[in-house]
Amino acid sequence: MEIPREIIEKLEIFQKLVKKWNKSINLVSNSIHNFWQRHILDSLQLIQYIDNKEIHLVDIGSGSGFPGIVLSIAGVAKVSLIEADLRKCIFLEKASKISNNNIQIINQRIEKVEIDCSILNLVELSLT
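Dropping the structure here:
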């Protein structure tokens, strides 16, 4: 996958932010030595399934911003990040500034959020 330099630079800024915040709110596993492959590229592989970057993508349980923030940086025009943990929402708010696209952070449990599924593509990231 060919990634433009501008996007790589923004993803590197995002990576540094995740590592900084990870010390206090445990965003990703402590073994982040393979961070780029495990988190960034893993999220970016979803872009091949998005034909229209003007979609409204919803990332449920966004936590550390994977894949939502990464896909926004890669060009998805509108992303909603749904996260119940307020601390992670504060992180997501800061991380959203890295992308030039429209990112909405929703601090609620998914069952409380009203979503019109007819106009959205849903992405659920489950971490074990």
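Going by our numbering, the first residue of the sequence shown is number 3, and it counts up by one from there. Note that CB positions come from ideal geometry on N, CA and C, so glycine has one too.
If distances are taken between C-alpha atoms only, which option among the options comes closest to residue i?
i	options	result
His35	Lys90, Leu46, Gln17	Gln17
Gly63	Leu13, Ile84, Lys21	Ile84
Ile10	Lys25, Lys22, Trp38, Val30	Trp38
Leu46	Glu113, Leu73, Leu88, Gln110	Leu73
Gly65	Arg111, Ile57, Ile52, Ala79	Arg111
Glu8	His58, Val115, Ile100, Lys22	Ile100
Val78	Asp61, Lys114, Arg40, Glu116	Asp61
Ile105	Lys22, Lys80, Ile92	Lys80
Met3	Leu59, Leu48, Ile92	Leu48
Below 8 Å on the Cβ atoms is my contact criterion, and I expect residue i with residue j to pass it. Report the Cβ-Cβ distance as a whole number of Å.
i	j	result
Lys90	Ile27	6 Å
Ala97	Leu19	6 Å
Ile108	Ser82	6 Å
Would you report the Cα separation of residue i and residue j, rounded to the nearest angstrom?
i	j	result
Ile5	Asn103	17 Å
Lys55	Phe68	17 Å
Val30	Asn24	7 Å
Leu13	Ile71	9 Å
Leu43	Glu116	30 Å
Lys114	Arg40	30 Å
Leu94	Ile52	22 Å
Gln50	Leu88	31 Å
Which of helix, strand or coil does DSSP assign to residue i?
i	result
Ile112	helix
Asn104	strand
Asp61	strand
Leu83	strand
Asp30	According to the sequence shown, residue 30 is Val rather than Asp. Looking at Val30 - three-state DSSP - the assignment turns out to be coil, as it is neither helix nor strand.
Lys90	helix
Glu8	helix
Ser66	coil
Asp53	coil
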